[in-house]
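**Student:** Take 827 as the starting number for the sequence shown in our numbering and just add one per residue. Okay, handing you the structure first.
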Amino acid sequence: MRFTLSAEMFGLVSLGAITGFLGLTEAFAAALGSFIGGYIFDLFGNYQIIFTLGLVFSLVGLVLMFSVKPVFHKS
């Protein structure tokens, strides 16, 4: 789905660069997310804050996703 949406939004010319950038940011998010989650658990002793932050970030992502205007290319 990520490749299809990237191709539709940015075109096939830049698809490789866009998907590479998305993969890189996902890798950094996975690496930093587990470290930050463990650190927050060590500070507070439970996962409540981590799940709340996950919910907040998901809602922000949802709002950003629906605020993106589709790009139409002339054929």
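Beta carbons: idealized from backbone N, C-alpha and C, even for Gly.
Inspect the CB distances between the segment 833–848 and the segment 861–871 and report whether three or more fall short of 8 Å.
**Tutor:** With a cut-off of 8 Å, the segment 861–871 and the segment 833–848 do not count as touching, because too few Cβ pairs lie within range.
**Student:** Helix, strand or coil, according to DSSP, for VAL894 in the structure here?
**Tutor:** Locating residue 894 in the sequence shown gives position 68, where the first residue counts as 1. In this structure, VAL894 counts as coil in the three-state DSSP scheme.
**Student:** Quick one: grab the DSSP three-state call for SER840.
**Tutor:** Sequence index remark: in the sequence shown, residue 840 carries index 14 (1-based). Three-state result, SER840: coil.
**Student:** Would you check if the distance between the CB atom of LEU858 and the CB atom of SER832 is smaller than 9 Å?
**Tutor:** Locating residue 858 in the sequence shown gives position 32, where the first residue counts as 1. Locating residue 832 in the sequence shown gives position 6, where the first residue counts as 1. Contact flag unset, no.
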